[in-house]
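In order, the protein sequence lines correspond to chains A and B. Numbering follows numbering that gives the first Met the number 0, with no gaps: position 121 of the first sequence is 120. Numbering follows numbering that gives the first Met the number 0, with no gaps: position 245 of the second sequence is 244. For glycine and all other residues, C-beta sits at the position ideal for the given N, C-alpha and C.
There are 2 protein chains.
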Amino acid sequence: MFHDVRMRGFRRRADVEEAQAWLDCLPLERRVEEIPLEAAAGRVLAEALTSTVDVPAFTRSAMDGWALRGEATFGAAETDPIVLEVVGTSLPGRPHDGTLGPGEAIRIMTGAPVPAGADTVLRAEDGTQDGRTLRVRAAVPVGKHVGAPGEDIRAGREVLPAGRVLRPQDLGVISSIGHAQPKVFAQPKVHVIVTGDEILVPGQRPDGVCIVDANSPMLRALIDRDGGHANHIAFLPDHEAGLRTELTHVHPDVFEPFGTDVVIVTGGSSVGQEDHAPRLLSELGELRFHGVGLRPAAPAGMGTLAGIPVFLLPGNPVSCLCAYDFFAGRVVRRLGGRDPAWPYAMQRGALTRKIASVLGRVDYVRVKVDGAAIEPLMARGASILSSTTEADGFVIVPKDHEGWPEGTDVEVHLYDVLRS
Amino acid sequence: MFHDVRMRGFRRRADVEEAQAWLDCLPLERRVEEIPLEAAAGRVLAEALTSTVDVPAFTRSAMDGWALRGEATFGAAETDPIVLEVVGTSLPGRPHDGTLGPGEAIRIMTGAPVPAGADTVLRAEDGTQDGRTLRVRAAVPVGKHVGAPGEDIRAGREVLPAGRVLRPQDLGVISSIGHAQPKVFAQPKVHVIVTGDEILVPGQRPDGVCIVDANSPMLRALIDRDGGHANHIAFLPDHEAGLRTELTHVHPDVFEPFGTDVVIVTGGSSVGQEDHAPRLLSELGELRFHGVGLRPAAPAGMGTLAGIPVFLLPGNPVSCLCAYDFFAGRVVRRLGGRDPAWPYAMQRGALTRKIASVLGRVDYVRVKVDGAAIEPLMARGASILSSTTEADGFVIVPKDHEGWPEGTDVEVHLYDVLRS
């Protein structure tokens with residue numbers, strides 16, 4: 000079949016910064032949920048957490064030894080021990096009842112409650128016990144090795160700020176203040192639509208002129224990394240009607256039970272005859288940007304549909320990765336309460352070979368890192384996903400640069416080192 | 000009740016390096032499993048993955064435009080176009096059937112198969128089509144904008160090495176070669192035993208002389224981070240009999256269905272009367288090290304039981320975190336096919352205050368990071384878990400240093416920046 004096609008370019012290419020600035024100001028509705036502690040690692044606190052209790056709630060020993068009155072040890076020395084009577088034992092969770100009298104001590108273990116009447120702990124190595132007789136062989140200052148109530152955390156203290164990406168030790172602190180259900184931002188739900196007549200679903204084998212989709216497994220993992228969840232992945236042919244139906248369903252009234260926060264369409268994002276997505280988005284919602292000064296993701300678009308951010312990512316997998324990371328990822332991260340900026344840690348190094356770019360365009364250049372040597376991979380097309388698996392990271396050439404000569408000190412974003 | 004207690008120290012403290020070297024040489028049995036692609040992000044490939052197919056399997060266009068014979072464009076110019084006849088269209092997944100004859104061209108989209116007889120693609124901006132008439136307004140070298148079969152990945156190529164921690168884009172590549180079930184190392188299963196009469200289970204509120212366990216939520220998250228899974232968490236009082244039963248059950252014959260790979264006991268790891276774990280481990284298995292020259296985790300121990308590594312971690316939560324990261328984490332990471340070294344990324348900076356240490360002991364010093372200024376937190380005890388939530392990371396003072404003066408350039412391990 001023959002189509003009469005007008006071929007036109009993008010009316011105007013957006014700058015990367017312009018598109019990012021728009022995304023970073025887009026009003027987003029963040030959902031909040033309470034989740035069990037065992038699922039909270041890496042999640043983001045939606046509100047500051049304040050302790051309502053002292054931790055510990057009691058006076059405790061920091062050492063194994065004997066609890067006593069500190070002043071009773073004054074003058075004690077290896078050659079001139081002071082003798083006290085051991086009248087009991089305090090173990091963690093099993094305190095000594097009663098008040099210590101003058102001349103008395105009790106055996107105590109680390110973490111055990113210090114009994115009333117005692118103010119100091121003598122370390123095990125500074126005393127000798129024989130039956131009930133304790134020989135104190137060193138003087139110890141009053142208050143030594145004793146932890147007051149609230150020593151770790153005082154009641155009323157803010158223990159973790161809102162926006163905290165929860166670390167393993169944070170979960171320990173939350174547990175220790177008796178909290179079980181931290182309030183965190185819900186994971187943004189992303190509806191992914193993969194389009195293309197040539198696309199086979201992951202799990203199939205490439206066959207003839209068809210290729211297996213690389214984008215949905217990659218996007219699922221990128222969305223996870225950014226704290227979101229790909230709650231629905233649809234595969235559609237290059238037919239306008241199917242994509243129209245799918246996009247219409249994104250409306251919150253229809254999607255209420257799913258609560259879609261972001262829509263990503265891959266493929267059909269350019270200006271050709273089969274590129275239905277931009278046209279449909281401008282018809283059903285707003286196509287805010289179409290075409291971006293970014294190689295290799297120029298044919299990307301973005302806008303909103305019923306208040307939901309929609310990203311039109313090129314079908315070429317390198318372009319898809321690049322456009323996700325530059326644009327969609329920012330929104331997923333921000334929706335989940337995270338820093339929208341790059342999730343990759345950075346490292347500096349010197350280029351082993353020049354990078355060529357053009358003024359007015361941002362370039363995403365895959366590089367290998369060997370110590371402080373940064374080797375740009377030979378220019379390879381947007382369709383060569385293996386360039387991103389060979390690379391250790393990427394360098395971004397800003398739009399006001401024509402590239403950099405060999406030896407230039409540059410900053411690399413590292414694929415394998417992630418910051419929270 | 001009164002116990003007659005002998006208090007003894009550790010017979011011999013192990014060096015950190017000595018214990019780590021032992022752990023890194025410990026024979027470990029790694030299990031391998033095939034998992035679905037959507038669960039594979041962050042998992043570790045157990046064997047190299049080689050493509051059995053070319054990606055793409057066909058000759059494809061890298062641009063929107065017209066497929067033609069390159070030599071037919073020679074001499075074409077804006078002012079002197081060459082006219083060809085457009086005889087069809089090739090779209091992704093919907094190729095043009097038939098062979099291109101002389102003087103012919105077909106419309107083609109990015110990613111579409113290049114038909115037989117064509118060897119070159121003219122970009123959309125370099126031609127004008129009116130009905131079936133194409134005016135070629137620029138010459139284009141033969142082969143331009145055409146990707147050969149295998150351009151991304153050739154059949155027979157190793158696409159990912161064994162030991163690879165799978166990135167999002169790796170999943171895309173695996174999908175594109177028609178693979179659906181990558182073979183990865185199984186997540187090591189860790190059996191966690193929390194001991195202590197004073198311990199309340201997470202979710203409870205601190206009460207009187209009892210404290211809520213901070214270690215199991217923290218350990219669960221640390222184990223997850225290192226690619227493992229805490230498959231069982233037991234809470235036991237300080238009674239020898241209960242711990243004996245629990246440890247006896249660790250034997251592979253008993254634990255077969257669970258396949259425990261590592262055992263971690265927290266609390267009761269020192270040399271006091273309630274410290275049953277070291278004694279039981281030496282009785283039931285081997286207590287290889289007991290007492291380590293490491294502050295704040297000196298009362299740590301480790302050994303094996305029925306061939307399974309067992310870690311005795313101090314109950315104080317900072318000690319527990321520190322001992323996990325120095326010792327247990329290495330084994331969890333190695334069991335899952337990962338680099339046993341620290342998972343934290345590093346950053347250099349200058350100390351804003353001196354750090355004091357003692358010769359012969361490694362110190363784990365929590366620090367705050369402000370740009371390149373590294374501020375050691377004031378020395379706070381092993382029980383102050385909030386010191387690890389306030390800190391941005393830690394500095395390790397090696398055993399042959401007495402500390403460092405203010406201004407020293409040191410390396411910080413960052414809690415929030417993780418490398419895979």
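Same chain only: Cβ atoms within 8 Å of residue 158(A), ignoring 5 sequence neighbours per side: 48, 49, 50, 152, 172, 173 and 176
Segment contact flag, the region 390 to 403 of chain B with the region 357 to 375 of chain B, C-beta cutoff 8 Å, min 3 pairs: yes
Assigned exposure category for residue 416(A) - 16 Cβ within 10 Å defines buried: buried
DSSP beta-bridge partners of residue 325(B): None; residue 325(B) has no bridge partner.
Touch test, the region 11 to 24 of chain B against the region 290 to 297 of chain B, Cβ-Cβ under 8 Å, three pairs minimum: yes
Stretch-stretch touch, CB-based, cutoff 8 Å, three pairs: the region 54 to 65 of chain B with the region 365 to 374 of chain B: no
Classification of residue 391(B) by the beta-carbon crowding that lies within 10 angstroms, buried from 16 upward: buried
Same chain, Cβ closer than 8 Å to residue 345(B), neighbours up to 5 away in sequence not counted: 410, 411, 412 and 413
Candidates 211(B), 178(B) and 195(B): closest to residue 179(A) by CA position: 211(B)
Residue interval of the alpha helix (DSSP H) (run including residue 19(A)): 15 to 24
Collapsed DSSP secondary structure at residue 249(A) in the structure displayed: Looking at residue 249(A) - three-state DSSP - the assignment turns out to be coil, as it is neither helix nor strand.
Element boundaries [beta strand (DSSP E), containing residue 348(B)]: 343 to 350
Nearest to residue 224(B) (by Cα), restricted to the options 335(B), 272(B), 237(B) and 259(B): 335(B)
Beta-bridge partners of residue 422(A), as assigned by DSSP: Not covered by the structure: residue 422(A). The range shown for chain A is 0 to 419.
DSSP-derived helix/strand/coil call for residue 387(B): helix
For residue 421(B), the nearest candidate out of 121(B), 339(B) and 377(B) (CA to CA): Residue 421(B) lies beyond the range of chain B shown here (0 to 419); nothing can be said about it.
7 Å Cβ cut-off: residues of chain A touching residue 414(B): 166
Short Cβ contact (7 Å threshold) for residue 481(B) with residue 262(B): Because chain B spans 0 through 419 in this model, residue 481(B) falls outside it and cannot be assessed.
Contact with chain A by residue 316(B), beta-carbon distance below 7 Å: yes
Beta-carbon proximity check, residue 43(A) vs residue 164(A), cutoff 7 Å: yes
Members of the region 152 to 178 of chain A that neighbour chain B once the beta carbon cut-off is set at 9 Å: 152, 156, 158, 159, 163, 164, 165, 166, 167, 168, 169, 170, 171, 172, 173, 174, 175, 176, 177 and 178
Span separating the alpha-carbon of residue 320(A) from that of residue 275(B): 54 Å
Residue 192(B), enclosing beta strand (DSSP E) - first and last residue: 188 to 194
7 Å Cβ shell around residue 203(A) - same chain, five flanking residues per side excluded: Setting aside the 5 residues that flank it on each side, residue 203(A) is surrounded in the same chain by 211, each with a C-beta closer than 7 Å to its C-beta; the list follows chain order.
In chain order, each beta strand (DSSP E) run of at least 3 residues that lies wholly inside the region 147 to 219 of chain B: 157 to 159, 182 to 184 and 188 to 194
CB contact check: residue 347(A) to chain B, cutoff 7 Å: For residue 347(A), the answer is no, since every Cβ of chain B falls outside 7 Å of its Cβ.
Residue 72(A) classed as buried or exposed, judged by whether at least 16 other C-beta atoms fall within 10 angstroms: buried
Proximal residues, the region 43 to 67 of chain A versus chain B, C-beta separation under 7 Å: 52, 54, 55, 56, 57, 61 and 63
Cut-off 6 Å between Cβ atoms - residues of its own chain near residue 4(A), not counting five sequence neighbours on either side: Model confidence at residue 4(A) stands at a pLDDT of 40, short of 50, so the residue's coordinates are unreliable and nothing is read from them.
Per-residue contacts from residue 356(A) into chain B (C-beta, under 7 Å): Here the premise fails: no neighbours, minimum Cβ distance about 19 Å.
The beta strand (DSSP E) enclosing residue 33(A), as first and last residue numbers: 31 to 33
7 Å Cβ cutoff, residue 301(B) in contact with chain A: no
Member of 142(B), 268(B), 126(B) and 194(B) whose CA lies at the smallest distance from the CA of residue 136(B): 126(B)
Chain-ordered neighbours of residue 273(A) on chain B, where CB pairs are closer than 8 Å: Near residue 273(A) (Cβ distances below 8 Å), the residues of chain B are 90, 91 and 108.
For residue 430(B), the nearest candidate out of 45(B), 295(B) and 22(B) (CA to CA): For chain B, the structure presents residues 0 to 419; residue 430(B) sits outside this window and is missing.
is_contact[residue 394(A), chain B] using C-beta, thresh 7 Å: no
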